[in-house]
Every structure is written in C-alpha cells, then in structure tokens.
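Each remark here refers to the structure printed beneath this line.
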Amino acid sequence: MTREEIYQSIVEILSDSFELDPDSIKPESTLYEELDLDSIDAVDIFVQLRDLTGRRPDPERAKEVRTVDELVTFVEEELAAAERGDPEPDVQMPT
Amino acid sequence: MEWDVVVCGGGLAGLTFALEVLRSAPEARVAVVERTRRPLPEACHKVGESSVELASHFFGERLGLTDYLSESHLHKNGLRFFSGDSRGPLHERPEIGPPEFPLVPSYQLDRGRLENDLRARVEQAGATLVEGHAVTSIALGDRGGHQVSVDDGRTLVGRWVVDASGRKRILSKQLDLRLPSPARSSAAWFRIAGRVRPRDLVPDDERAWHQRDIADDRWLSTNHLMGRGYWVWLIPLSTGFTSVGIVADQTHHAIADFNKPERARAWLAAHEPELAAHLEDLSFEDFRTMPDYSYLTRQALSPDRWACIGEAASFIDPLYSLGGDFLSLSCCYTARCIADDLRGELDPEVVRELDAIYLLLLQDSSRTLSRNGAIFPHAQVLGAKLWWDFFNYWSFMCAHFFQEVWLQDAATLKRFRELGQRYYDLNTTAQRLLEAWAELEDEPFTNGHKKMVGLPLPRTVLSEAHQALGERLDLDATYAKMEADLEVGRELVGELLAHALRDLGEAKAAELGRRLGAAIGGREPEERQAGMPLVLGERFTRVDPLPRRERLEAYSRIARDLERALGRAEGDRPLGELLDRARVGAGVRISSPAPSESRVGA
C-alpha cells in the first residue's frame, strides 16, 4: 500500500465515522484539536485500522499519534511490522 | 425408599443434573435411567452444540468442568451474524460480532464426546447409571414416593422424580403441561467432515475483510447467515466436524422445501448461494429435521417433588443458543430444592418461586425469539436487536444465575422476580419496536451504516455488562446493579426508537407510532398487553440537531455507545418532528407548538 492509498483510506474512515467533510481533512490536521475527536473516537479509529493492517496496534505508540500525517506513518510502520512478522503487543483488549 | 432421586433420561440434562445434585448433596442416592449405551458416536450424536455464558458458567464453574471443556471441546468466539443481502458476497454483508475473543468463556460442544465423558463422571460422583433401559411410565405418588417403571420390569421408587427424557416429555404429556409457543419455526441440520469457515467463502484478495479478523478466529464463533425469515448456523466441533443448520420461520419458509438433503442443498442454493457452492462437493454425514420445534410449559418444578429439566420442560429456539441455559436453570433450581429437602429444609414457597422465575425467563426469552424473521436481513435493526437482547440477557438472566440469587430464600427470590417482571415489560416494548421497525422497511434487506458492528464493542455499556458477569457481588449490590441497569436499558430502548425514527423517516413515523401505542404515550397498540413506556427526553428535540461534538457532550453514555456501534442515519426531518408524528400516530394529541423548523437547533 502506498502512502497516498493509506492517506485516502484514513480520510474515508474519518469522514465516514465522525461526520467530517473529507475536504476539511488535511495531512497536518490535528486529530484532537482541529478535527475535534476524543479518546473514545481514537479507540474506534484504531479498531478500524485493523482492516488495513491486520494487526492489533501498540496502544503506547498509538497514543503518540497527533496528526493525520502521523497516523499515516503509524499505519505504514504497522504494515512493515506485519510484513516482518513482528509479534503483536501483548495487550488484552477489554471485551 | 430406594432412591432419593430417580432421573428419567441420561442425556446432557440428566447427566449435568446428577452432577449438580451430588455437588450440593454428596450423600444423595441418585439413579439415572438411560435408554442408550456407551460409546455414543462422536460428531453426529445430538444437535445443540453451541453454549452461551449461562450454560458455560454452569458446566465450567459450578460443575468444575472448565479444564475438561478447554481440553476436549472448543472455546467459542461468541455469536457472529452476517446480515444484509444473503445472495451477495459474504464479505459485503454487514458483520455483527465480537471484535476480540470474549473474556467470559463459552464453548462449542461435541455432544457425543461430552455425554460419553459425563456418564463416566456421573458414575465417579456416586450415581447409579441404569444404561440400555428406557423408562416406560412414571406413577407420581404422595409421601410413599414416585414409581418409575423401566422396560426390564423393574420399578424404581424415588423420593423425587426428575424427567430428563428430552422431547419425549413423559411427565409433561402425563400432566398436560405443554404451552404452545409463539415461535413457529422448523429446523434441519447436518454435519460436514472438516471445517467450514466463513473465510472459505471469501476470496483471498478481500484483504480488509480477512485482516479485520486479526487472530483468524472468526470460525470459532457460532456463525449465523441471516436472511428474511431464516438463519443458517455454522458451528465447529472439537472432533473436526462442522455442524450446519437451517432454521426457518414457517410463515416465511415451508419445511418441505429443505427437509431432505437434496432439498436442503437446493434451498441453500436459492437463499445462501455462496455457502451452497462451497458445500457442493462435501457430503452430509447425517441429516435430521425438526418441524415446529418450539414449546413452553406451564410448570417445571413442583413442591410435590417432581421436576422436568432440559427439553423435557421446554425448548424455545436455537437462536442465541439458549437451550443449554434453560437446561442449566432447570437443573440447578431442581437440585437446590432436592438438597434443601434432604437436609429437611424444603420450603414449598422456594419451590414455587423458582418455578415462577423459570417460567418468567422462559416467557421473556420466547418473546425475544419469536416473530423476528423480518429483522434478520436488516443489519441496522438486527444490530439494534442484538444490542438490546444481549444487554437484557446479561443484565438480568445471567446476573441472577451468576450471582446465585437462586440460592436465596423465598422472599428474596420474589423480590428479584418482581424486578425481572419489569425487565420483561421493557423487553415487550423493545421487541415490538424492533419488529415494527423491520416490517416497515421498504427494501428486502438493508446494510446499515457499519461494515462491522462490535457485539460487544469495547468500552461500552454492553462490554461492561458482559465483563461484570465475572465479578462477584453481594445480594444488595446485585439488586442495585440490576435496578440501575434496567434504567440504562430503558434509555437504550428509547435510543433505539430514535434510530428507528431517523432510519424510517417522515413517511413511516406515524405508522411506527401506531404500532408502539402506549410505549410512546399513546393508545394501547392493537395487539395485547402494554409493555413499559419509554423515556423520551430532550435528546429527541434539543440534543439531536446539534453538531457532532456538542451532541456527544449532551448524550447519555448509552446514546453515544449505540451511535458508535450502529452508526447514525440522517433523518429526513428533525428527530423532534419525527417523534411528534409517531406520537400522533399513537393517538397522542400534540398541543403545544406545532412541529416547525423554528425549533431546530434551539
């Protein structure tokens, strides 16, 4: 997946899930300030990103993501980790 | 007297019951009369393989079988549903199910293997198994005990007699206990050697669909393919087989269309073509049918020292796998009474209360499981139904069992039963709403707003209700939690009305209101008793039109959870107006200002 494809997928997730106008989403948009998302939205984003990555994200690293662009980088790294077969973080999600 | 308990039938109910009696009264003299002899065939012995939380708690925690079940059967990945277009590709059908393996365990049981192993355990525990002999009749006595005649001419006399004869229903027929069920469905099922996994029906290049299932354990769920008036189950067994079943409401599908292997294949080709194509070259290891399988009972447990357990008492419907739950309830309630009796402490009022709570839960679940065929292909409505049904199930029925309310005295049992009655009233309203919502949809199926509805979605009221089952609470805390959850449930159903109104829009709102009647403040609906009225607060008028962030801040927790799980339909009119239309439809006179644009956003 190219960076551009990842970006487009993320814009789709954000606009579908959070009633955002796709044109209002820019790479430099900050998730929590400019796009006005909160921590529960973040949980839902990272659950949906599994469709792209096929991995459980590391919650510590996920917390550091601030902008759309950083989210793209995060997904790229997850994809690379999946490619290498890195073990998933040992985190039990609450059911 | 020869025996404290004579159990008529040694299937899953009779065997687990014997273990439970001997757990609570180790000195009890227990005889189990069972027609068949070991070894029972694996894989193709009996249907009823999927267990849910309540039965799993009984088998695992109470009977101490957790290690055995983990080693010899499969841990189940919850219930998973595929709704939408049953003739379309599976990966395009909306999926409703657990996004992560549930923490509260449940199991997929190979019934032949399980019953072989349980027979050995029952003997070890000290019961006498009379194998290879059938019960020919039961003569209920008074103080002299009950007489059970066996086909070899013997008569066993027991202080208690427990009918575990399954669908033979010896006592039920003798005492005319059967109550007709509102569910009118039939089933056919068969086993396939090897695995039939949902992923086998989806091309490898549908990466997003495959990757969503991170641990590749969708196949460990009980998978349901849902269509109008029917559903198909796929259940993996530890012996390597897959159980496949067709369950159809008679008002939508005649059993004659799928009651033979070739007909079932043709029926699947018409309704579930992807599954039919996958099964084409696989042979059916067995094939059974059960027409019009559902029945209830007037009574299951008597102070005169008899009881009917498992399917000798009732069988509602296989959806949600509650057969094992009602088996567990009847086993535990009966065993408790027997243990009390053998200690000389039997309180007839406790027996009546336990019978009453069993019948109430039966009535509640049969309301949930009947007349719902129109809902299945509408992902939005099915998702809403599953959220409510699971909340209702975990919050009252499961909590009552897990927190051992049923071991309390008669007054406590009554207090909890009265609370259960309120859950039932709310469920009546909820089911009426869900049925009306689905029936008013124009399209044959709808996909809803989410590719995947988390059931339960993490960090929601629903996931917490599930996790709470693993926490022990004292009696007062249990009651307080159930009461608080009932209020959350009332909000939940009120929110579902908002979802239904926005989804159906202006054209259907009045008719939805007419069908709900008193539940939204109007006249009684045309059919039967009132449910519980819904709380329709200012979220319906003031909050709903706000921009997302402000709306979320004004929302209750459950309102947000439902929007996260189900998504949100944009109504064609503001929600307040849709509600007004619904209330006019229900016969409410709307006095103060007529619905107008000026209210929006105020």
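Just so you know, the protein sequences line up as chains A and B, in that order. So the mapping is simple: our numbering equals the position in the first sequence, first residue as 1, plus 162. So the mapping is simple: our numbering equals the position in the second sequence, first residue as 1, plus 752. The beta carbon of each residue, even a glycine, is placed where N, CA and C say it ideally should be.
Inter-stretch contact (C-beta, 8 Å, three-pair minimum) for the region 1069-1082 of chain B and the region 1093-1100 of chain B: no
Pro1013/B - containing beta strand (DSSP E), residue span: Segment 1013-1023 is the alpha helix (DSSP H) holding Pro1013/B; no beta strand (DSSP E) there.
Which of helix, strand or coil DSSP assigns to Ser1073/B: helix
According to DSSP, residues forming a beta bridge with Arg832/B: Asn975/B
Helix, strand or coil at His827/B [DSSP, three-state]: Under the three-state reduction of DSSP, His827/B is assigned to strand.
Proximity test, Cβ basis, 9 Å: Leu214/A and chain B: yes
Counted within 10 angstroms of its Cβ, other Cβ atoms place Thr994/B as buried (16 or more) or exposed: Label assigned to Thr994/B: buried.
Span separating the alpha-carbon of Ser1348/B from that of Glu1315/B: Residue confidence for Ser1348/B is low, a pLDDT of 47 falling below 50, so the modelled location carries little weight; the figure read from the coordinates is stated next. Approximately 26 Å between the Cα atoms of the pair.
Status (buried if at least 16 other CB within 10 Å, exposed otherwise) for Ala1236/B: exposed
Proximal chain B residues relative to Asp206/A, where beta-carbon distance stays under 7 Å: Arg1316
Gly979/B beta carbon near the ligand FAD (any heavy atom closer than 8 Å): The ligand FAD is absent from the structure shown, which contains no ligand whatsoever.
Beta-carbon proximity of Arg832/B to Glu847/B, cut-off 9 Å: yes
Cβ-based neighbour list, Ala891/B, same chain, cut-off 6 Å, excluding 5 preceding and 5 following: Gln899
Residue-level contact to chain A via CB, Glu844/B, 9 Å cutoff: no
Nearest candidate by alpha-carbon position, reference Arg781/B, set Gly816/B, Ala807/B, Ala879/B: Ranking Gly816/B, Ala807/B, Ala879/B by Cα distance to Arg781/B puts Ala879/B first.
Residues, ordered as in the chain, of the region 956-982 of chain B that lie near chain A by beta-carbon distance below 8 Å: Listed by position, the residues of the region 956-982 of chain B near chain A (Cβ gap below 8 Å) are Arg959, Ala960, Trp961, His962, Gln963, Arg964, Ile966.
Which listed residue (Ala765/B, Ala1059/B, Asp1177/B, Arg947/B) has its alpha carbon closest to that of Gln926/B: Ala1059/B
Contact belief for Gly836/B with Gly849/B at Cβ below 8 Å, rounded distance in angstroms: Gly836/B to Gly849/B, Cβ: 14 Å. No contact.
Buried versus exposed, by CB contacts within 10 Å (16 or more), Gly1222/B: Gly1222/B should be labelled exposed.
Coil, strand or helix - Pro932/B by DSSP: strand
Proximity test, Cβ basis, 9 Å: Ile202/A and chain B: yes
Whole alpha helix (DSSP H) elements within the region 1236-1303 of chain B, 4-residue minimum: 1258-1268
Per-residue burial, His1218/B [other beta carbons within 10 Å of its own, 16 or more giving buried]: buried
Below-9 Å beta-carbon distance, Asp198/A vs any chain B residue: yes
Cβ-Cβ separation, Arg1333/B to Glu1247/B (assumed contact under 8 Å), whole Å: About 18 Å; that fails the 8 Å criterion.
Within-9 Å CB hit, Pro851/B to chain A: Yes, Pro851/B counts as interfacial toward chain A.
Gly1328/B, DSSP secondary structure in three states: helix
Contact set between the region 1210-1239 of chain B and chain A, restricted to residues whose Cβ is under 7 Å from the partner: Pro1210, Arg1211, Ser1215, His1218, Gln1219
Inter-residue CB distance, Ala1087/B and Val1287/B (contact presumed, cutoff 8 Å): That pair is no contact at about 40 Å.
Cutoff 9 Å: Leu1304/B Cβ touching any chain A Cβ: yes
contact_flag[the region 1192-1208 of chain B, the region 1127-1134 of chain B] where n(CB pairs < 8 Å) is 3 or more: yes
Short Cβ contact (9 Å threshold) for Glu240/A with Thr215/A: yes
Span of the beta strand (DSSP E) around Glu786/B: For Glu786/B, the enclosing beta strand (DSSP E) begins and ends at 782-786.
Enclosing beta strand (DSSP E) for Arg943/B [first to last residue]: 937-945
Minimum Cβ-Cβ distance from Val237/A to chain B less than 9 Å: no
Cβ-based burial, Thr872/B [other Cβ within 10 Å; buried from 16]: Checking the sequence, you will find Ala at residue 872/B rather than Thr. Ala872/B comes out exposed.
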